[in-house]
Each structure stands twice: as structure tokens, then as C-alpha cells.
């Protein structure tokens with residue numbers, strides 16, 4: 004069975020009434036963008052989101068025809084039968100149905116948005132305002148879910164809600180929420196990549212680049228026109244989010260999964276877990292190398308002072324230089340940063356996997372790591388995996404998954420005996436580390452005391468004077484070791500606090516589920532408990548990252 008891969012989501016919005024003499028050029032431009040991303044990220048599949056309305060949406064469906072690993076996803080604002088009532092022009096309905104038949108997945112946007120029931124009433128009786136509202140929500144859903152948004156747009160200001168210009172302004176501003184969408188201070192902008200294909204409407208006389216559409220002071224959309232150079236664009240347009248997603252897919256394809264996962268999210272969790280463990284091992288090895296070389300340096304210096312062998316000066320200086328290089332490399336390495344990001348991605352994917360299994364419609368990335376722009380790629384990767392899994396799951400849900408997830412997490416953190424569970428293992432490690440630290444400090448202090456006594460009883464000669472340097476070196480090493488040990492002990496205490504908090508959270512969640520089980524619970528009540536417990540876990544992980552990373556947090 005082929006391992007699942009995280010997709011790159013590309014959405015297309017645009018005008019319906021395009022000029023017929025520009026249709027071929029627009030289709031070619033959309034295809035150029037798709038081909039460019041396929042060449043740059045060959046292991047990453049593409050989900051092309053389109054509502055299949057007349058005009059640009061259907062040109063996107065034509066543009067992706069025949070492209071490998073590009074799946075067309077029809078994201079509809081209404082139920083199919085209700086949506087078809089809007090296609091009244093000759094041949095319009097037939098064209099829509101042909102595109103619909105070519106789509107690999109067909110979904111209704113409202114099914115993916117929590118707190119938004121379907122707006123469809125009896126066929127033909129829906130108020131015009133409700134239909135427009137459904138179109139606006141659908142367009143914004145495509146924008147939110149797309150890392151790359153292609154806008155076939157004339158660059159003019161918005162004329163009505165849900166139109167192309169309105170969605171572009173929403174993408175650039177990313178602050179306005181609809182009345183029945185979740186209101187949260189944690190929500191913030193994720194503009195991603197915005198590409199404009201300039202296009203004349205049948206009623207237009209000129210086309211604008213759209214730079215005047217910027218509402219927040221950022222750069223406007225990148226224009227893709229007849230001067231588009233694909234090779235130059237590939238070199239001049241870095242995409243760190245897509246690069247990270249490609250990296251995850253490389254690990255999946257290269258056999259980085261211990262077992263075949265059931266979903267894309269589960270695969271992401273496994274890869275991130277493995278990568279975090281790898282970074283931990285690397286950091287420990289580098290730290291051990293610094294310690295070993297540092298001890299060897301101290302032995303050489305002590306030997307040179309004790310037996311007065313000049314030939315030991317050279318090796319001592321070399322060892323001292325190597326110690327400095329290793330320490331500087333460890334301090335400047337991004338191993339710690341990679342570990343933190345992998346750990347955060349794994350924990351977010353763990354919650355997302357549970358929400359998907361229990362039928363919770365909320366996307367965890369809407370509530371995760373907001374205000375930390377340096378890890379935007381984590382939210383985007385989680386969102387792409389979430390969309391792929393939601394499309395495949397078709398809204399499946401099971402209450403048994405809620406009990407299984409919470410019990411599994413509680414067993415991991417707390418365990419069922421004194422030596423089981425992460426809390427007990429962490430406390431045992433902390434005790435061993437304290438003992439090792441105390442032993443090391445005692446030996447260092449004994450060495451300092453012995454050298455100090457020899458210096459005090461000396462005759463002020465060069466040997467005694469050089470002993471000052473040796474004592475100073477030993478004091479420096481002991482101080483550095485004590486400082487590092489103190490920092491690690493604080494880290495152990497923080498981990499212990501986090502694990503204890505997590506265990507208490509999952510224990511409360513299980514208690515709530517047991518209470519619901521005795522009262523014939525409805526699925527939405529179970530969803531509420533699972534979502535609340537997941538949100539607590541996400542907040543705790545996000546707080547840990549913000550406190551332990553040397554990065555700024557963006558004001559909300």
C-alpha cells in the first residue's frame with residue numbers, strides 16, 4: 004500500500020464573464036502555475052480547489068486535465084441539485100456536469116465548516132441573500148484552505164460579497180469574519196501565496212495589476228501574464244511552506260514510516276515523532292562530544308602542569324580549540340529548533356487525528372500557534388493534511404475513538420504502575436541526572452581545591468603563576484557545567500509539570516465521557532468534550548514553544 008502524502012492545496016477563483024479571446028491564454032497561465040509546482044515539488048500531490056462556476060473556475064478544471072498527481076476537488080456552495088439552478092445559459096449546465104464528472108472529489112463547503120449548517124432549503128425557494136451568503140462562504144473556504152490562491156481578476160474593487168475582488172481583499176486583509184463563523188482572538192492572517200492572472204471581463208475596458216487591492220500594507224499579488232518566465236519564477240520565488248511539505252513527503256516515500264498509517268494526518272504525526280527523536284539523539288551526541296573533549300583538554304592541561312612536559316602544550320591547545328569549535332557549533336546549530344518544530348507538529352497532528360476520528364469538524368490549525376509566524380508552515384501542513392483526510396473520510400465518526408484516544412494519552416502520560424508512563428520515566432531520568440550532576444560538581448570542586456592548595460603553598464614561580472590559569476580554567480568549566488546542569492534540571496521540572504497537567508486534562512476528559520455514556524449521549528456532546536480536551540493540549544504545546552524559542556511573537 005502506498006504511503007499517504009501531504010498535498011499542496013491550490014485554489015482558483017475568478018470572474019465568470021471572461022472575454023472569449025482571452026480564454027486560451029488564461030487556461031495556459033493556470034496550467035503553467037500547476038506545472039511549475041509539480042516540477043519544483045515532485046513528491047507533493049496537488050489538490051486543485053474550484054467551485055466549477057462558469058468562467059475561470061471551469062478553465063482551471065480544463066487546465067489540470069492530464070497532469071499527474073493533480074486532483075480536481077469541486078468545492079460547491081450548495082447541494083448539487085440546488086447549485087445547478089444557477090446555470091441557466093445555453094450549454095452552461097452541461098459544461099458544469101462535464102467538469103463535475105472529471106472531479107476526483109465533490110464536497111460542499113458548509114460540511115467542512117463548524118457551526119455552519121447547510122443553507123439549502125427546498126429547491127428554488129432559497130432567498131437570494133442566502134444564496135449570495137453561501138457563495139461568499141464557499142469562496143472564503145477555498146481561500147482559507149489554499150496555500151496558493153490563483154485569482155483570475157481584473158484588479159478592480161469589490162462590487163458584491165463573494166465575488167472575486169471581495170475574496171482577494173479578504174485574502175490580503177485576513178481580518179474580517181462572517182457573522183456565523185467562529186469568532187476568536189486567536190485567529191490571525193495566513194495569506195500564503197496569491198497569484199493574479201489579469202483578465203478582462205466582457206464589460207471591462209482595462210485591467211489593473213491589483214496592487215491597489217492591498218489593505219494591510221503588504222505586497223500585492225504576484226502577476227502572471229504573457230511575460231511570465233517559469234524558470235525565473237522558480238528561482239526567484241521561494242516557498243518555505245511547500246519546501247517543508249516536500250520534506251515531509253520525502254520522509255514518507257523513503258520509508259520513514261514504521262507502519263502504514265490510516266490517514267495523512269497519522270503519517271505526518273509518525274514522521275514528526277521520528278524526526279523529533281532523531282534531533283534529540285543528535286543534540287545529546289553533540290553535547291556528549293563537547294563534554295568528552297572538554298575533559299580531555301582539562302587532563303592535558305593538568306598533565307602539562309604536573310609533569311612539566313612541554314610537548315603536551317600543543318595537544319592541549321588543539322584540544323582546547325576543538326572544544327571551542329564544538330561548543331560554538333552546538334550553540335549555533337538549529338538542532339534544538341528542529342526538535343521543537345517537529346515536536347509541535349507531532350502534537351498538533353495527534354490532536355487532529357483524534358478530532359478526525361471522532362467526527363469533530365473543527366480544523367485544529369485554526370487554534371494552534373497563532374501569532375508565531377516562524378512556524379506558519381506547521382499550520383499549513385496540518386491544514387492540508389486535514390483537508391485531504393476530511394475529503395476521504397466523508398464525515399465518518401465514531402464515539403469509540405474518543406475513549407480510545409483519551410485512554411491512550413492518559414496511559415502514556417500517567418501509566419498504570421510506578422515505573423510506567425511518561426511522568427514516572429521523566430522523574431527517574433531527573434533523579435539520575437541530579438546524581439550525575441552532583442558527582443561531577445563534587446569532582447570538579449575537589450580538583451579546584453587541590454590546585455588552589457598547591458598554588459597557595461607555591462613559591463610564586465612561573466609554575467605557581469601558571470597554576471592560576473589552570474585554576475581559572477577549572478573554575479570556568481565547573482561554572483559552565485553547573486549552569487548547564489541547572490538549566491537542564493529546570494527543563495526536567497517544566498516537562499514534569501507539562502506531563503502532570505496533560506494527564507490531569509485527559510483524566511477529566513475521560514470522566515466527562517463516562518458521565519455522558521451513562522446518559523445516552525448525542526454525538527455533538529462527545530465532540531464538545533473531545534474538542535475542549537484537544538484545545539487544552541494545543542494551548543499547552545503552543546505555550547511551551549513560545550516560551551522556549553528565541554523568536555518574537557506577533558501581536559494579535
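Residue numbers (the working numbering): 4 to 559. Beta carbons are placed, not taken as given, at the ideal position from N, Cα and C, and that holds for glycine. The model shown is predicted, which means the values in this text are computed figures rather than measured ones.
Cβ shell of residue i (< 6 Å), same chain only, five flanking positions each side left out
i	result
residue 353	272
residue 14	52, 145, 149, 152
residue 50	10, 12, 74, 76
residue 463	Confidence at residue 463 is low in this model, with a pLDDT of 49, below 50, so its placement is unreliable and the value that follows should be read with caution. Excluding sequence neighbours, residue 463 sits near nothing in its chain.
residue 535	none
Close-in-space but distant-in-sequence residues of the same chain around residue i (CB under 7 Å, 5 per side omitted)
i	result
residue 420	Caution applies to residue 420, whose pLDDT of 47 falls short of 50 and renders its modelled position unreliable; the value that the coordinates give is listed next. Excluding sequence neighbours, residue 420 sits near nothing in its chain.
residue 394	76, 108, 110
residue 541	351, 354, 367, 370, 371
residue 115	144, 364, 393
residue 382	193, 368, 371, 372
residue 538	370
Status (buried if at least 16 other CB within 10 Å, exposed otherwise) for residue i
i	result
residue 7	buried
residue 338	buried
residue 516	buried
residue 456	exposed
residue 256	exposed
residue 243	exposed
residue 546	exposed
residue 266	buried
residue 252	buried
residue 42	exposed
residue 544	buried
residue 278	buried
residue 288	exposed
residue 66	buried
residue 88	exposed
residue 452	exposed
Alpha-carbon spacing of residue i relative to residue j, whole angstroms
i	j	result
residue 1	residue 527	Nothing in the structure corresponds to residue 1, since the chain is present only between 4 and 559.
residue 148	residue 102	21 Å
residue 98	residue 361	37 Å
residue 499	residue 291	24 Å
residue 270	residue 296	39 Å
residue 247	residue 106	27 Å
residue 34	residue 511	52 Å
residue 346	residue 86	43 Å
residue 46	residue 518	46 Å
residue 325	residue 408	48 Å
residue 254	residue 104	34 Å
residue 172	residue 161	8 Å
residue 285	residue 341	11 Å
residue 396	residue 332	46 Å
residue 220	residue 175	Since pLDDT at residue 220 reaches only 33, below the 50 mark, its modelled position is unreliable, and the value read off the structure follows with that caveat. Rounded to the nearest angstrom, the two C-alpha atoms are 9 Å apart.
residue 385	residue 378	11 Å
residue 245	residue 44	8 Å
residue 329	residue 445	25 Å
residue 61	residue 195	23 Å
Own chain partners of residue i with C-beta closer than 8 Å, once the 5 adjacent residues on each side are dropped
i	result
residue 202	17, 18, 21, 22, 25, 29, 59, 155, 156, 157, 210
residue 135	163, 164, 165
residue 205	20, 21, 22
residue 562	Given a span of 4 to 559 for the chain in the structure shown, any question on residue 562 remains unanswerable.
residue 532	405, 512, 515, 516, 519
Three-state class that DSSP yields for residue i in the structure shown
i	result
residue 22	coil
residue 362	coil
residue 345	helix
residue 12	strand
residue 544	helix
residue 140	helix
residue 367	helix
residue 412	helix
residue 184	Confidence is the limiting factor: at residue 184 the pLDDT is only 46, short of 50, which leaves the residue's position unreliable, though a coordinate-based value still follows. Coil.
residue 201	strand
residue 6	coil
residue 108	strand
residue 17	strand
residue 1	Outside the shown range of the chain (4 to 559) lies residue 1, about which nothing can therefore be said.
residue 146	helix
residue 290	helix
residue 53	strand
residue 154	strand
residue 539	helix
* Mind listing, in chain order, the continuous beta strand (DSSP E) runs of no fewer than 3 residues lying wholly within the segment 60-91? => Assignment of beta strand (DSSP E) within the segment 60-91, counting only whole runs of 3 or more residues, yields 73-79 in chain order.
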